[in-house]
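In our numbering, the protein residues as written are 2 to 200.
So the structure is just underneath, and the comments pick up after that.
Next up, the structure:
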């Protein structure tokens with residue numbers, strides 16, 4: 002999946018500490034999800050470097066993407082007044098380790114956002130992606146977003162299943178059959194109340 006983040010924003014708006022959450026995973030681990038910070042660049046770098054070729058291919062919708070220092074800085078310097086990035090971490094061998102990242106960027110219409118989510122290979126299939134996506138959707142809704150969309154490779158069945166399980170509809174993609182677009186409407190118009198005759 003991809004999200005459009007063309008320029009590195011200034012780190013602005015109050016840190017959204019209300020989005021921090023923790024929960025146990027089995028008997029050996031506790032997972033913490035929190036909004037990413039500029040000082041997380043080393044965690045983000047280590048996380049990205051350990052992704053398998055397949056996971057990276059799915060995240061960036063193709064091969065050949067080279068993660069530069071500039072890109073990694075963009076990934077960790079978030080303008081929380083418009084965008085969001087959540088990092089899931091676990092303590093492994095005494096050190097905090099990034100195991101997943103979910104993010105959205107606001108689109109030009111001001112009411113839609115595009116999301117992307119990546120889980121470290123060793124932690125896939127353990128419910129972390131589901132939790133991250135649910136938290137990201139809640140954050141988008143809290144920011145007044147009306148729609149959240151994502152582009153997914155048609156071969157990325159786990160991501161399509163995850164999106165569907167969270168209420169996203171799956172659509173054809175305008176750029177070709179190798180992609181799918183997943184869409185979730187965050188604001189539903191209230192039902193119309195019929196006006197009875199004579200009122």
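Quick reminder that beta carbons are idealized off the backbone N, C-alpha and C, glycines included.
All of these numbers come straight from a predicted model, not from anything done at the bench.
*Could you tell me how far apart the beta carbons of residue 22 and residue 99 are, in whole angstroms, since I believe they sit closer than 8 Å?*
Contact doesn't hold; Cβ gap of about 16 Å is too wide.
_Minimum C-alpha distance to residue 130 - residue among 112, 139, 118_ = 118
*Given 8 Å, three or more beta-carbon pairs between the stretch 52 to 61 and the stretch 84 to 95*: no
*Quickly, what does DSSP pair residue 91 with across the bridge? List them, please.*
32, 98
*asked:* Assuming contact is defined by CB atoms lying nearer than 8 Å, are residue 135 and residue 167 in contact in what I supplied?
replied: yes
*To the nearest angstrom, how far is it from the Cα of residue 45 to the Cα of residue 14?*
21 Å
*If residue 183 sits next to residue 164, beta carbons under 8 Å apart, how far is it from one beta carbon to the other, in whole angstroms?*
4 Å
_Please tell me whether residue 62 and residue 180 are closer than 8 Å, where the distance is taken between their beta carbons._
yes
*Under 8 Å between the Cβ atoms of residue 112 and residue 147?*
yes
*For residue 11, three-class secondary structure by DSSP*: Confidence is the limiting factor: at residue 11 the pLDDT is only 45, short of 50, which leaves the residue's position unreliable, though a coordinate-based value still follows. Coil.
*Which of the three DSSP states, helix, strand or coil, is assigned to residue 155?*
coil
*Would you say residue 20 and residue 38 are within 8 Å of each other, going by their C-beta atoms?*
no
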